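As they're listed, the protein sequences go chains A and B. Using my numbering, the first residue of the first sequence is number 342, and each one after it goes up by one. Using my numbering, the first residue of the second sequence is number 5, and each one after it goes up by one. Positions of the beta carbon are idealized from the N, C-alpha and C atoms, including for glycine. Predicted model only: the values in this text are computed from it and were never measured.
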Amino acid sequence: MRIRIGHLYPDYLNIYADRGNIAVLARRAGLRGHELELEAIGLGDSLEPGAHDLLYVGGGQDREQMLIAPDLAEKGASIREAVERGAALLAVCGGYQLLGRGYRGRDGALMPGAALFAHETVAGTSRMIGDVLLDCELEPGMRRPLAGFENHAGRTLLDAGAEPLGRVVHGFGNDGESGYEGCRLERAVGTYLHGPLLPRNPWLADWLLEQALGHASGDDPPMLAALPDELEQEAFRVAAERAKTRGGRR
Amino acid sequence: MGVRLELETLAARAVGTVSRAAGRGGGTTLPGKLLWKADPGAVDALAARLSAGVALVSATNGKTTTTAMAARILAGDHRLAWNRAGANLLSGIASALVAGRGADLGLFEVDEGALPEAIVRTRPRVVSLANLFRDQLDRYGELELIAERWREAVQALSEQAMLVVNADDPVVADLAEGRERSLRFGLDDPRHARPALQHAADSKYCVRCGSPYVYAAAYVGHLGDYACPACGHARPALDVAARDIDLNGLTGSRFRLVSTRGELEVELSLPGLYNVYNATAAASVAFALGAAPAAVRDGLAAFSAAFGRFERIPTGTKSIVVLLIKNPAAANEALRTLETGVPPVLVIALNDAIADGQDVSWIWDVDFEPLLPHAGIVVATGERAAELALRLVHGGLDEERLEVLPDLERALDRGLELVEAGTDLVILPTYTAMLALRGILTSRGVVRPYWDGAPS
């Protein structure tokens, strides 16, 4: 089956090795006989809800994020509709922040976001940098660990009732206090974790591909066959160990 | 002040001797640390004694090589206080000042983050700023942040000081905008332009209006001949330019250096376009300090590589070539020099200590792809070997041509076993992996410890 991916602003938002996440999706789809079709969506391009099975938004340096923020906010309605209609989505770091209601700077002014996730991000004074380990349960009874690296000054505050991506085992997470990290809405996942995230966490890559295949076929998400993943497990093991020994230190 | 300074200097020098005698890493920063802790103002006083003044060299990439090249050029006319071992924080500068008894000129490479304080304390005659690339975001923060601190630091420079900038880097060139005492260097040979900006290119949006630049030639990362189609902001005219560049694989390069001081034919025994940048920066610094053209030409011709920077180390019937990879831009250039003759065996070492960057995501920004189809066997090693192996597999490396050996020494021996007699084993380590590798080769008697007169 063909999986259509819409990659938002790849020229601007690519700082934390976002192409690694795309490469993992492409490879794991290919190994199961599926084909990935990648479309770059840039400044001023239209985003047709339903035209993509998975949307990807990466992270950028502050300046690049400022350059695309107004355009992304304008695309907010289309992104919300796409997710409502069952598209999968992964947003990392800056992309995760900009998909909330907005980013409140130190002067109190709000830079509006795409308002997909029920959260607001507030500028902080110190950066939260380090390895992170999460405990996630995206499907009832399917508890999985997630290991990544965070580097953010913004504190992301989830609205009451908003579902986090996971519980922080080691590291800072959304705001360094709540004990939660990321946000999940239907088939959309936003997170501060990079590394990049998917190479060492293949279960999440597969979950996203399954959701995207569900959108593409109009059926329930299929169950993808397991892969050996020896290198992936070893990379995860070391990253999780790093989170334990040096995550969440100021 | 005078007496106290003498005593402190003596004490610091004594500690350096002890540290070296104890074999503890050469003591390159220890005495300076002592002095720096006891009396930071001593740096100001020691720097002020240098009759020919101080020159500072900073950049994300190439500052060690550029400073060493400038030292080679200037050593004929000056006695140098020079932080040759690459200890580039204020404590390292303090060490070099202490060690450089009788020096008349201070020549210091400076960490990007330490530049503002180094400028305030050493009151330099010349400051050279060559490039800003994304580098270890977990440690330095984003590029814009460094640029902003540099902007403030440059404003603190005295009017008489000469500011040398790389005109090919839009953000860095902008720092000299409107400044009278400035010297702009760059490359002028579109034959060596990359067909497209690399994946990890930074600063590709206009510093004035934010529109994407159009490049007449992109040489290394975002360095090149740029112009903004929206507002017209463009690369300024070059005062010192490298033209007619001939790259000669792994062995070196030749180019014509054109400036107001005339034209020079330069021969360099270091490969790659980025070393042409380093040489052009070093020549500009030397010109700013009043060096004669012949000294520039001879100094560059006599310059040889340092450990981790293309030095070829013979070991038995085979040689080892070590190329430091520390961020996407530097790694891309190291890989690019290999494109002309891809080695059959490659050892790549990824560590994740603070000096390497604890965040290893940068390896995904490195363009390994052009190299991998041609490489025979790749050995992935270091503390994050598995992570590196995943990067290579996703970059198109066949798993049958990949070996994963986290232990560096075993990986080195495996690499040496795989290469044929008479050929090179190319090793690409991150910073602490390079130090560990140097330690292994030193204990085997293959290379000399670096404080023993060997260049670093």
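{"Item": "C-alpha gap between residue 355 of chain A and residue 192 of chain B, whole angstroms", "Value": "29 Å"}
{"Item": "Contacting residues, own chain, Cβ-Cβ under 6 Å from residue 581 of chain A (five flanking each side not counted)", "Value": "474, 488"}
{"Item": "DSSP beta-bridge partners of residue 477 of chain A", "Value": "A/485, A/507"}
{"Item": "Where residue 577 of chain A falls: helix, strand or coil (DSSP)", "Value": "helix"}
{"Item": "Given residue 479 of chain B as reference, the closest of B/49, B/70, B/37, B/347 once Cα atoms are compared", "Value": "Outside the shown range of chain B (5 to 460) lies residue 479 of chain B, about which nothing can therefore be said."}
{"Item": "Delimiting residues of the alpha helix (DSSP H) encompassing residue 259 of chain B", "Value": "Run containing residue 259 of chain B: none in the alpha helix (DSSP H); it sits in the beta strand (DSSP E), 256–263."}
{"Item": "Where residue 535 of chain A meets chain B, residues with beta-carbon distance less than 9 Å", "Value": "363, 365"}
{"Item": "Pair within 8 Å by beta-carbon distance, residue 543 of chain A and residue 570 of chain A", "Value": "yes"}
{"Item": "Beta carbon of residue 565 of chain A nearer than 8 Å to that of residue 550 of chain A", "Value": "yes"}
{"Item": "Alpha helix (DSSP H) segments (min. 4 residues) lying fully within the stretch 274–341 of chain B", "Value": "277–292, 297–306"}
{"Item": "Exposure of residue 590 of chain A, with buried meaning 16 or more beta-carbon neighbours within 10 Å", "Value": "exposed"}
{"Item": "Reduced DSSP secondary structure (H/G/I, E/B, other) of residue 570 of chain A", "Value": "coil"}
{"Item": "CB of residue 392 of chain A within 8 Å of CB of residue 421 of chain A, strictly", "Value": "no"}
{"Item": "Listed by chain order, chain B residues near residue 361 of chain A by CB distance under 8 Å", "Value": "365, 368, 395, 398"}
{"Item": "8 Å Cβ shell around residue 370 of chain A - same chain, five flanking residues per side excluded", "Value": "344, 376, 377, 550"}
{"Item": "C-alpha distance - residue 258 of chain B paired with residue 297 of chain B, whole-angstrom precision", "Value": "16 Å"}
{"Item": "Three-way DSSP call (helix, strand, coil) for residue 26 of chain B in this model", "Value": "Because residue 26 of chain B sits at a pLDDT of 46, beneath the cut-off of 50, its placement in the model cannot be relied upon, and the following sentence gives the value as read from the coordinates. Coil."}
{"Item": "Close beta carbons around residue 417 of chain A, own chain, < 6 Å, minus the five adjacent residues each side", "Value": "455, 456"}
{"Item": "Runs of beta strand (DSSP E) lying entirely within the stretch 339–411 of chain B, each at least 3 residues, in chain order", "Value": "349–353, 381–385, 406–408"}
{"Item": "Sheet register partners of residue 86 of chain B (DSSP bridge)", "Value": "B/111"}
{"Item": "Per DSSP, cross-strand counterpart(s) of residue 588 of chain A", "Value": "According to DSSP, residue 588 of chain A bridges with nothing at all."}
{"Item": "For residue 172 of chain B, three-class secondary structure by DSSP", "Value": "coil"}
{"Item": "Contact with chain A by residue 109 of chain B, beta-carbon distance below 8 Å", "Value": "no"}
{"Item": "Where residue 69 of chain B falls: helix, strand or coil (DSSP)", "Value": "helix"}
{"Item": "From B/81, B/448, B/261, residue whose alpha carbon lies closest to that of residue 320 of chain B", "Value": "B/448"}
{"Item": "Residue 572 of chain A at chain B interface by Cβ criterion, 8 Å", "Value": "yes"}
{"Item": "Chain B contacts from the stretch 404–418 of chain A (Cβ-Cβ distance under 9 Å)", "Value": "404, 405, 407, 408"}
{"Item": "Residue-level contact to chain B via CB, residue 575 of chain A, 8 Å cutoff", "Value": "yes"}
{"Item": "Test: residue 579 of chain A CB closer than 8 Å to a CB of chain B", "Value": "yes"}
{"Item": "Candidates A/399, A/409, A/401: closest to residue 386 of chain A by CA position", "Value": "A/409"}
{"Item": "Option nearest residue 148 of chain B by Cα separation, candidates A/398, A/405, A/583, A/379", "Value": "A/405"}
{"Item": "Cα-Cα separation between residue 421 of chain B and residue 585 of chain A, rounded to whole angstroms", "Value": "37 Å"}
{"Item": "Beta-carbon contacts of residue 441 of chain B that lie in its chain and below 6 Å, excluding the five residues immediately before and after", "Value": "433"}
{"Item": "Buried versus exposed call for residue 511 of chain A [16 or more other C-beta atoms within 10 Å across all chains shown]", "Value": "buried"}
{"Item": "For residue 343 of chain A: DSSP bridge partner residues", "Value": "A/376"}
{"Item": "Residue 230 of chain B - partner residues in DSSP beta bridges", "Value": "B/219"}
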